[in-house]
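Residue numbering for the sequence shown follows the numbering used here, starting at 484 and increasing by one per position. For every residue, glycine included, the Cβ atom is placed at its ideal position computed from N, Cα and C. Please read these numbers as outputs of a predicted model, since none were measured by experiment. Inspection log for the structure reproduced underneath, given as structure tokens.
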Amino acid sequence: MARDVAELVRPDRLGPALVDATGDDAWREVTAEMISGGKSNLTFTLSSPAGELILRRPPTGKLLPSAHDMGREARVQSGLLGTDVPVATIVLHDDGELIGLPCYVMEKVPGHIIRGELPAGYATTPMEREQMAFTFVDTLAALHAVDQDAVGLGDYGRPAGFMERQVRRWTGQWEASRTHEVAEIDELARRLTNGVPAQERSTIVHGDYRTDNVVYATDDPGRINAVLDWELSTLGDPLTDLGLLMLFWRSAADGPLSLIPGITHLPGFPHRDAMLERYAASSGADLSDMGYYQAFAHFKFAVIAQGVAARSAAGDMGGQDFGNLDDEILGLATAGLDHI
484 MARDVAELVR
494 PDRLGPALVD
504 ATGDDAWREV
514 TAEMISGGKS
524 NLTFTLSSPA
534 GELILRRPPT
544 GKLLPSAHDM
554 GREARVQSGL
564 LGTDVPVATI
574 VLHDDGELIG
584 LPCYVMEKVP
594 GHIIRGELPA
604 GYATTPMERE
614 QMAFTFVDTL
624 AALHAVDQDA
634 VGLGDYGRPA
644 GFMERQVRRW
654 TGQWEASRTH
664 EVAEIDELAR
674 RLTNGVPAQE
684 RSTIVHGDYR
694 TDNVVYATDD
704 PGRINAVLDW
714 ELSTLGDPLT
724 DLGLLMLFWR
734 SAADGPLSLI
744 PGITHLPGFP
754 HRDAMLERYA
764 ASSGADLSDM
774 GYYQAFAHFK
784 FAVIAQGVAA
794 RSAAGDMGGQ
804 DFGNLDDEIL
814 GLATAGLDHI
């Protein structure tokens, strides 16, 4: 195990804790391998003769006070265990004594995490791709149907005024990262600020629901084994999740989003309209204000792209080159205005 990974995970401390948590002495010989890193939370595969587990911990460097809350991630997944939302079982959660920072360990869920292209031979027929799509949106509807009080998550967020806070937050992010004037972004922010719809209901919100944040069963494209990456989850307006899903649900005519490679442009995946109809049928939600939430998703992602562009220009993206994102930012803003 590389020294830097060992310093991030502290297997000498983690191993005995895993033995206590699992009752299996084989975890005393744990090793770790980083599988994702960067400015988001770090993810490691833990291995021992007993099998494999997954560890999540905050990134290195200075952390924002409210960001990278490992306890929240572990809590929401523990709360959802046994509901109609598939999640990984949490094996261990620690507030910082083990490795120096909060972390949690969960089971490694078998299946495909699909980024950018389908695995060879997987979901090759239109029927299988439709099953993938409808299972994906049905799982989101199932999340939004969970009674947060019944699963111990009634205090997991502040749903009142949720949308107003979101618009203010992302407008502030734009002001902090903008490098030039984009009139379309300013107009989109103005319309979003002035047109917040009445919130129909408050639910658990995932915050980053897209196809590479779920684990599809290897033997059945119509089954999701787990929903992952809960670091943005809270209580709020569920249609923000659906709006973001619609943005990421690209057709061949839309063209790709450079920062989020997808699969939904491939033949056989249903159009956005079919996904909205499916969600409405599954949830019973009123989608008459859906244009607002789609506009907000475009705005939010344009601001994220601007932040990436600004950090890249400053040399703070670890050498990753995302090219010139100005056209994508303008395109997102223009498309957002078409929705509101």
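Where residue i and residue j are concerned, what is the direct C-alpha to C-alpha distance, given to the nearest angstrom?
i, j, result
"isoleucine 668", "lysine 783", "10 angstroms"
"alanine 606", "arginine 612", "6 angstroms"
"valine 786", "aspartate 508", "48 angstroms"
"valine 710", "alanine 500", "26 angstroms"
"alanine 557", "tryptophan 713", "9 angstroms"
"arginine 582", "valine 665", "Checking the sequence, you will find isoleucine at residue 582 rather than arginine. Whole-angstrom Cα-Cα distance: 44 angstroms."
"arginine 540", "alanine 796", "27 angstroms"
"asparagine 708", "asparagine 677", "40 angstroms"
"valine 697", "isoleucine 596", "6 angstroms"
"proline 642", "asparagine 524", "25 angstroms"
"leucine 547", "aspartate 702", "Annotation note: pLDDT 46 at leucine 547 (below 50); position unreliable, coordinate value reported separately. Using only the alpha carbons, I get a separation of about 41 angstroms."
"glycine 705", "tyrosine 699", "8 angstroms"
"aspartate 495", "arginine 761", "49 angstroms"
"glutamate 535", "alanine 757", "38 angstroms"
"alanine 672", "tyrosine 776", "13 angstroms"
"alanine 736", "serine 765", "27 angstroms"
"threonine 686", "tryptophan 653", "21 angstroms"
"leucine 529", "alanine 818", "43 angstroms"
"alanine 659", "arginine 651", "12 angstroms"
Please name the residue or residues paired with residue i in a DSSP beta bridge.
i, result
"histidine 595", "Tyr699"
"valine 570", "DSSP, once it has assigned bridges, lists no residue as partnering valine 570."
"alanine 515", "Leu529"
"histidine 576", "Tyr587"
"isoleucine 537", "Thr528 and Met589"
"leucine 740", "Ile743"
Could you check how far apart the C-beta atoms of residue i and residue j are, in whole angstroms? I think they sit under 8 angstroms.
i, j, result
"glutamine 682", "aspartate 720", "5 angstroms"
"proline 532", "glutamate 516", "About 16 angstroms separates the two Cβ atoms, so there is no contact after all."
"alanine 778", "isoleucine 823", "4 angstroms"
Counting Cβ pairs closer than 8 angstroms, one from the stretch 612-621 and one from the stretch 572-591, do we hit at least three?
No: fewer than three Cβ pairs fall under 8 angstroms.
Alpha helix (DSSP H) runs wholly inside the stretch 656-682, at least 4 long, in chain order
666-677, all fully within the stretch 656-682.
Runs of beta strand (DSSP E) wholly within the stretch 707-736 (minimum 3 residues, chain order)
Along the stretch 707-736, the beta strand (DSSP E) occurs as fully enclosed runs of 3 or more residues at 717-719, listed in sequence order.
On the three-pair Cβ rule with 8 angstroms, is the stretch 624-640 touching the stretch 584-603?
No, because fewer than three Cβ pairs between the stretch 624-640 and the stretch 584-603 fall closer than 8 angstroms, the two stretches do not touch.
Would you be able to state if there are at least three C-beta pairs under 8 angstroms between the stretch 634-648 and the stretch 561-569?
Yes, they touch.
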